[in-house]
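Going by the working numbering, the sequence shown opens with residue 19, and the numbers climb by one from there.
Structure, as C-alpha cells:
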Amino acid sequence: MKVNENILISSLTTMRLGGPARYVIEVEQPSDVPDAYGFARQYQLPTFILGYGANTLGHDEGFNGVIIINRMRGITEIDPSTINIMGGEYWDNVVDYACKRNLTGIEAMSKIPGLAGAAPVQNIGAYGQDISDTLVSIEAYDSATDTFVTLSRDDLQFSYRKSILNTTAKNRYFVISITLSLHEGTMPRPFYTSMEKYIADHDLTDFSPQGIRNIVSTIRAEKLPDPLEKASSGSFFHNIYLNEQDAEIAAEKGYPVRHGNDGHKINAAWLIEQCGFKGKLLHGIRVSDKSALVLINESATSYNDLAKARGEITGKVYDKFGFWLEQEPVEIQ
Ligand SMILES: Cc1cc2nc3c(=O)[nH]c(=O)nc-3n(C[C@H](O)[C@H](O)[C@H](O)COP(=O)(O)OP(=O)(O)OC[C@H]3O[C@@H](n4cnc5c(N)ncnc54)[C@H](O)[C@@H]3O)c2cc1C
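Here is the structure:
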C-alpha cells in the first residue's frame, strides 16, 4: 500500500475544493485494507473512504485523518453474463466492457464519473437504470469486525440514491469488489422521456447496449460538465419525493409532479429554475445553464463560497415552495 502525507483534498475531488488530508492511503490488494485501517488505529485517526471524488466535498480545514482509496482494478467474467469488478476500476470502463459483449443492464449509466466501488454506495442511476437492478453482491472489508464479508443485494437495502453504505452503515464497509448480473438483450421501452425525445428527433433505431450507450453519452455531453474540464459534483441536490397526499397538494398548486415506478417526484432542477438561479454565478459557483441541478465551481476558492451559494439556493427554494433541498455530495469530515 502507498501512504502519502498532506495531500490536498481539492486534488482528489471533482469539485476541486478542500484543504490537506493528513494521510492518504492507496490500497493495491485486499490484504492492504486491514493494514490501512490498522495504520489509522495506531495513530488514533478517523478514516474516510474515497473513490474518484465525484460525489465528495472537502472542507477548507482539510481532514485530520486517513483517506483510504481503492486502487485495485480488473474485471473478471464469472460466467458469460456475470462479472466481478474490482472497486478501483473506473465505472465507465465497466459499462464499456458490458456493451462490447452486448450485455444489457448498465448501458444507460454510461459516463457516470466514479469508481466501481462507489457505485453501490448511493445506488447510482441514470435514465431508468440503477445499479441495484443488476448488482448481485459486494465483497467488502468490515472495519467494525476486522473481517472480509460478502453482502447481497438484499443486505444493502437499496432505495433512491441510498443503501446501508451511506445510511445505517456509513463508512463501515470498504468495498473491495462488486458482482453484477447482466443479460443479453435490449433495455425495455419506453425509455426515459428525454431519451425518447432525442431518439425521435434524430430518427435513431439502434437500441442495442452499444446504441443506448452512444445515445446516453451524447445527451450527457450536451447537458453535464465533464469533470476533467469543469469542476463539479454533478447533480448537487436530490429530487423531492412526496407521499400520495403531498403529491396531490403539490399538483393542485400547479407544481409538475411526475408519477413513476419510484414514487411521486418533483424535479429539484425545476424548483431552482423557478427561483431564477439557472445560469447565475453565486460566490464563484455557477448554477449550470443546462441543468439547474448542477453546480459548477467556476472561481470559488473555498468550501465557504460553496456553502454560501448552497444557502442562497436552498433558502429561496424553501421560501417559495416550502421544500428543503437535500445535498447529494458527501462531505469529508
Ligand atoms: C458530472 C457528474 C455527473 C454525475 N452523474 C451522475 C448520475 O447520472 N447518476 C448518479 O447516480 N451519480 C452521478 N454523479 C455522482 C457520482 O458520479 C457518483 O456518485 C459516483 O458513484 C461517485 O463515484 P466516486 O468514485 O467518485 O465516489 P466518491 O465521490 O469518491 O465517494 C462517494 C461515496 O462513496 C464512498 N465510497 C467510495 N468508494 C468506496 C469504497 N470502495 N467502499 C466504500 N465506500 C466507498 C465514499 O465514502 C463516499 O461516501 C455525477 C457526478 C458528476 C461529477
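Idealized CB from N, CA, C, for every residue including glycine.
As the structure is a prediction and not an experimental result, all values here were calculated from the model.
request  = Provide the residue(s) that pair with PRO38 in DSSP beta bridges, ordered along the chain.
outcome  = As a first step, residue 38 is located in the sequence shown; it is residue number 20 there, counting from the start. Paired residue(s): LEU26.
query = Buried or exposed: where does ASP148 fall if 16 or more other Cβ atoms within 10 Å of its Cβ makes it buried?
reply = The count along the sequence shown starts at 1 and reaches residue 148 at position 130. ASP148 is buried by the Cβ-count criterion.
ask   = So, are the CB atoms of ALA286 and HIS301 less than 8 Å apart?
value = Taking the first residue of the sequence shown as position 1, residue 286 is located at position 268. Taking the first residue of the sequence shown as position 1, residue 301 is located at position 283. In this structure, HIS301 does not lie closer than 8 Å to ALA286 by Cβ.
inquiry  = Give me the residue from ALA218, TRP342, GLY83 and SER250 with the minimum Cα distance to GLU316.
reply    = Reading the sequence shown from its first residue, position 298 is the one you call residue 316. It is SER250 whose Cα lies nearest to the Cα of GLU316.
query = Any idea what DSSP makes of LYS283, helix, strand or coil?
reply = Indexing the sequence shown from 1 puts residue 283 at position 265. Residue state, collapsed to three classes: strand.
message = At 3 residues or longer, what runs of the beta strand (DSSP E) sit wholly inside the stretch 191 to 273?
response = 191 to 199, 249 to 253 and 258 to 260
inquiry  = Checking the sheet assignment: what are the DSSP bridge partners for ARG119?
reply    = Reading the sequence shown from its first residue, position 101 is the one you call residue 119. Bridge partners of ARG119: none, in fact.
inquiry  = Could you compute how far the alpha carbon of MET205 sits from the alpha carbon of THR122?
reply    = As a working mapping, residue 205 is identified with position 187 in the sequence shown. As a working mapping, residue 122 is identified with position 104 in the sequence shown. Using only the alpha carbons, I get a separation of about 6 Å.
ask   = Which one of GLU46, ASP78, ILE85 and ASP50 has the shortest CA to CA distance from THR354?
value = Here the chain comprises residues numbered 19 to 351, so residue 354 is not present and cannot be evaluated.
message = Please confirm whether MET90 has its beta-carbon closer than 8 Å to some beta-carbon of chain C.
response = This model lacks chain C altogether; it includes just one protein chain.
ask   = Between GLU79 and ILE25, what straight-line distance do the alpha-carbon atoms span, to the nearest angstrom?
value = Within the sequence shown, residue 79 is the residue found at index 61, counting from 1. Within the sequence shown, residue 25 is the residue found at index 7, counting from 1. Using only the alpha carbons, I get a separation of about 12 Å.
inquiry  = Spatial neighbours of PRO245 within its chain, please: C-beta separation below 7 Å, excluding the five flanking residues on both sides.
reply    = Counting from one through the sequence shown, the residue named residue 245 turns up at place 227. Here the set comprises THR32, ALA72 and PRO131.
task = Return the chain-ordered list of same chain residues with a C-beta closer than 6 Å to the C-beta of LYS334, the five sequence neighbours on each side being excluded.
result = Position 316 of the sequence shown, counted from the start, is the residue given in the question as residue 334. Taken in chain order, the residues that qualify are CYS293.
ask   = Among ILE290, ARG179 and PRO227, which residue has its Cα nearest to the Cα of CYS117?
value = Your numbering for residue 117 matches position 99 in the sequence shown. Closest by alpha carbon: PRO227.
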